[in-house]
Amino acid sequence: MSEQRSRQDYWKANLRLMAFCLSIWFVVSYLFGIILVDQLNAISVGGYRLGFWFAQQGSIYVFVVLIFFYAYRMNKLDRQFDVHED
Amino acid sequence: MDLQTLTYIVVGATFALYIGIAFWSRASSTGEFYVAGTGVHPIANGMATAADWMSAASFISMAGLIAFLGYDASVYLMGWTGGYVLLALLLAPYLRKFGKFTVPEFIGDRFYSKGARLVAVICLIVASITYVIGQMKGVGVAFGRFLEVPFEIGVLVGMGIVFIYAVMGGMKGITYTQIAQYCVLIFAYTVPAIFIALNLTGNPIPQLGLGGSMADGVALLDKLDMVVTDLGFAAYTAQKGTTLNIFLLTLSLMIGTAGLPHVIVRFFTVPKVADARISAGWALVFIAILYTTAPAVGAMARLNLMDTIQTGEVGAADGNLIYEERPEWFKNWETTGLLAFEDKNGDGRIQYYNDKNEEFAAKAASFGWKGNEMVKVDRDIMVLANPEIAKLPNWVIALVAAGGLAAALSTAAGLLLAISSAISHDVIKGMIAPGISEKKELLASRLAMAGAIAVAGYLGMNPPGFAAQVVALAFGLAASSIFPALMMGIFNKKMNREGAIVGMLTGLSTTLIYIFWFKGWFFFPGTEMAANTPDNWFMGISPEAFGAVGALLNFIAATIVSKITAAPPEHIQHLVEDIRVPKGAAAAVDH
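Chains as they are written, first to last, in my numbering: chain F, 1 to 86; chain E, 87 to 677.
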């Protein structure tokens, strides 16, 4: 029963981490790259307008970082809840 | 050495490499044939996934698409990369833990239903076949343009190469050739990009060059906006489509990417659940190298093209390039028909502008211009002509040919494997002859592969009229049926057989009907119910963007039906609990 309990907690912790990562995923692409693109384009970073940069460059970099961050945190969670492999 | 010989040598060398890998990585069991024995290192799998994913279209056409769409092409950049976040977080680790061979197999087991498995098989085959036609065409086109080989011969050679390594090695052979193909294609893509960035902005890194300034201190993107708007085109960095459509198209491409079976199955090949997560990260790193370079190539090639033609002030008598003085690459690509010029006002100079923009067309008439004289500018030219425009040596041009072929072949092989394993594992082993021995199943999978290659080659040579529409169809199917079914299978323990089947059929039928409504029933010309224009679209949603709506309808229908029908049996709920934890993945393989 306690193992059952711990697995439920593990799943909840996973869902929380997922929700956090997916909200960043949403913000950089849909919010910065699409919905707020005109407003952000008023800001220039180097030769880029910020909204355009998020849409064609920035969001992709953030996606890469997000996956590695998620993988790293999940490895820690796996060990913490003793559900890791080998 | 002339370009032709050099191209033969470079392409021949890469083909010899692929065949060598095929002999070294023969498959001896179904596990090796379907999932490379689950022994692929996560970084190696990331590289193979990148080659699997990046098709002839990504390599040859995407930069051109960006060059002409500007900001609006961001949907493809974000859509085709953001899907990997969904894959890494929502699907790959759990499907790896499930530890079977195919995507329909998961759907069949999880929803304890052969019917659900069959629906998934049909979606998979339709999506993959439509997708593979484009790759076979890409192989024929690449051969035709670079080696002056007839289109059909090009397709046949491509089929022969894929046949050797895919039939012999299955997933194992495909994986290791895809790694080699990734190296070829990424090198071929980035070298010209580095030179073009260096030429225009003095910065060798294309991603930084795109945000850099020209020699005169003006930012490259501002300059490009200026140059194109001066000629009546829409500003490069401005949004042209509606926000809702751009939003939904991006979402459809993302969930479609995450739901494409030939991509998902790559994550079945790594040893552990933790590897599946990290491997998706590596896949995106390798994809991002090309996908963040493409916007730079697109913008810079567009600027180069505009500047080549509009040499001086717009409207000045000597502001346009004299046709007889056009550069060598211009002539080369005119002979292929990708560029075409027509001297409408008979002044011997080229006027390239947007004559569909009424306000500017009136202005142009006052300059004595009588319409846009660049009657054909094929988008693909932005990548294909790049090395010549940047005056790079011949070996770089030869490399671009090998890169285009690598991109097309690697994607074709991945799709063919998805098709052949659906036939031999899901249909033959799963439905027709469950008692079949492993040896016979392996033989069946090799025969299915050979058959799939023949069908794909035939369709590549005789593409049905709808071949150009495949993107909408393949992504629409994956987004509206496969992705939601997989997600509910993992995240909703109470989702049952009835809900999943009704959901899949709802998503599938609404999306198909919406696509067919505007593009013709089964793409037969003349059978469309309404013209495919934004005014007719429901809330301005294009058929390509409808997959996300179909997915939503799938979720809603499935949830309602599952609430009013019996809950899934106890052992299925245990199965779901089990795939949610990594522990015990190695054991799950031996089923």
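The beta-carbon is built from N, C-alpha and C at its ideal position, and this holds for glycine as well.
When the options are compared against residue i, the one with the closest alpha-carbon
i, options, result
"E/Glu420", "E/Met460, E/Ile129 and E/Met140", "E/Met460"
"E/Lys462", "E/Gly489, E/Ala447, E/Asp429 and E/Ala476", "E/Asp429"
"E/Ala266", "E/Gly303, E/Phe101 and E/Ser214", "E/Phe101"
"E/Val97", "E/Met574, E/Leu233, E/Gly589 and E/Arg112", "E/Leu233"
"E/Leu310", "E/Met386, E/Tyr268, E/Thr378 and E/Thr328", "E/Met386"
"E/Lys579", "E/Ile658, E/Asp512, E/Phe109 and E/Met625", "E/Ile658"
"E/Leu572", "E/Val647, E/Gly490, E/Ile665 and E/Phe416", "E/Ile665"
"E/Gly401", "E/Thr597, E/Leu317, E/Tyr377 and E/Ile539", "E/Leu317"
"E/Arg532", "E/Ala519, E/His511 and E/Trp481", "E/His511"
"E/Ile107", "E/Tyr251, E/Ala538 and E/Met590", "E/Tyr251"
"F/Ala19", "E/Gln90, E/Leu175, E/Glu527 and E/Ala494", "E/Leu175"
"E/Val368", "E/Gly589, E/Ala631, E/Tyr170 and E/Phe604", "A quick correction: the sequence has Trp, not Val, at residue 368 of chain E. That would be E/Tyr170, whose Cα lies nearest to the Cα of E/Trp368."
"E/Ala374", "E/Leu594, E/Gly165, E/Thr261 and E/Arg203", "E/Gly165"
Span separating the alpha-carbon of residue i from that of residue j
i, j, result
"E/Thr188", "E/Phe354", "8 Å"
"E/Lys449", "E/Leu424", "28 Å"
"E/Glu474", "E/Leu155", "23 Å"
"E/Arg57", "E/Val218", "Outside the shown range of chain E, which is 87 to 677, sits residue 57 of chain E, and nothing can be said about it."
"F/Gln8", "F/Arg49", "45 Å"
"E/Tyr104", "E/Met254", "12 Å"
"E/Phe602", "E/Pro611", "10 Å"
"F/Gly51", "F/Tyr10", "37 Å"
"E/Phe184", "E/Gly194", "12 Å"
"E/Asp676", "E/Leu503", "Because the pLDDT at E/Asp676 is just 41, under 50, the model does not fix this residue reliably, and the value given afterwards should be weighed accordingly. Roughly 21 Å between the two C-alpha positions."
"E/Leu181", "E/Leu307", "43 Å"
"E/Ala380", "E/Met148", "7 Å"
"E/Ser214", "E/Pro292", "33 Å"
"F/Gly33", "E/Lys442", "28 Å"
"E/Ile467", "E/Asn390", "12 Å"
"E/Pro413", "E/Gln437", "16 Å"
"E/Tyr198", "E/Ala321", "54 Å"
"E/Ile587", "E/Tyr544", "33 Å"
"E/Leu346", "E/Pro570", "12 Å"
"E/Asp621", "E/Pro629", "13 Å"
"E/Ile509", "E/Leu563", "18 Å"
"E/Lys200", "E/Val469", "46 Å"
"E/Phe416", "E/Pro278", "17 Å"
"E/Asn582", "E/Leu294", "50 Å"
Residue i classed as buried or exposed, judged by whether at least 16 other C-beta atoms fall within 10 angstroms
i, result
"E/Pro654", "buried"
"E/Ile239", "exposed"
"E/Thr592", "buried"
"E/Leu177", "buried"
"F/Ser29", "buried"
"E/Lys477", "exposed"
"F/Gln56", "buried"
"E/Leu529", "exposed"
"E/Met133", "buried"
"F/Ile43", "exposed"
Residue i in three-state terms, based on DSSP
i, result
"E/Phe609", "helix"
"E/Tyr439", "coil"
"F/Arg49", "strand"
"E/Met460", "strand"
"F/Ile43", "coil"
"E/Phe427", "strand"
"E/Ile408", "strand"
"E/Ala305", "strand"
"E/Ser299", "strand"
"E/Tyr251", "helix"
"E/Trp623", "coil"
"E/Gly401", "coil"
"E/Gln267", "helix"
"E/His127", "coil"
"E/Tyr198", "coil"
"E/Ala674", "Any reading at E/Ala674 is ruled out, since the residue's pLDDT is 45, under 50, leaving its predicted position unreliable."
The ligand ZN heavy atom lying under 7 Å from the CB of residue i
i, result
"E/Trp607", "Ligands are entirely absent from the displayed structure, and the ligand ZN is therefore not among its contents."
Note down, in chain order, all residues in the region 369 to 388 of chain E with a beta-carbon under 8 Å from any beta-carbon belonging to chain F.
-> Leu370, Val371, Ala374, Tyr377, Thr378 and Pro381
Chain E contacts made by the region 49 to 62 of chain F, where a contact means CB separation under 8 Å | Arg49, Phe52, Trp53, Ala55, Gln56, Gln57, Ser59, Ile60 and Tyr61
Residues of the region 15 to 34 of chain F whose Cβ lies closer than 8 Å to any Cβ of chain E, in chain order = Met18, Cys21, Leu22, Trp25, Ser29, Tyr30, Gly33 and Ile34
Below 7 Å between beta carbons is the criterion; list the residues of the region 148 to 171 of chain E that meet it against any residue of chain F, in chain order.
-> Tyr157, Ser160, Leu163, Met164, Thr167, Gly168, Tyr170 and Val171
Listed in chain order, which residues of the region 303 to 321 of chain E have Cβ atoms closer than 8 Å to some Cβ of chain F?
-> Ala305, Leu306, Leu307 and Asp308
Selection of the region 65 to 76 of chain F by Cβ proximity to chain E, strictly under 7 Å = Leu66, Ile67, Phe68, Tyr70, Ala71, Met74 and Asn75
Report the residues of the region 328 to 339 of chain E with a CB closer than 9 Å to any CB of chain F, ordered along the chain.
-> Thr329, Ile332, Phe333, Thr336 and Leu337
Using a Cβ-Cβ cut-off of less than 9 Å, list which residues of the region 621 to 644 of chain E approach chain F; keep chain order.
-> none
Near-chain F residues of the region 270 to 304 of chain E (beta-carbon distance less than 7 Å), N- to C-terminal order = Gln293, Gly297, Gly298 and Ser299
Cβ-based contacts, 8 Å cut-off: residues of the region 654 to 673 of chain E near chain F | Glu663, Arg666, Val667, Pro668, Lys669, Gly670, Ala671 and Ala672
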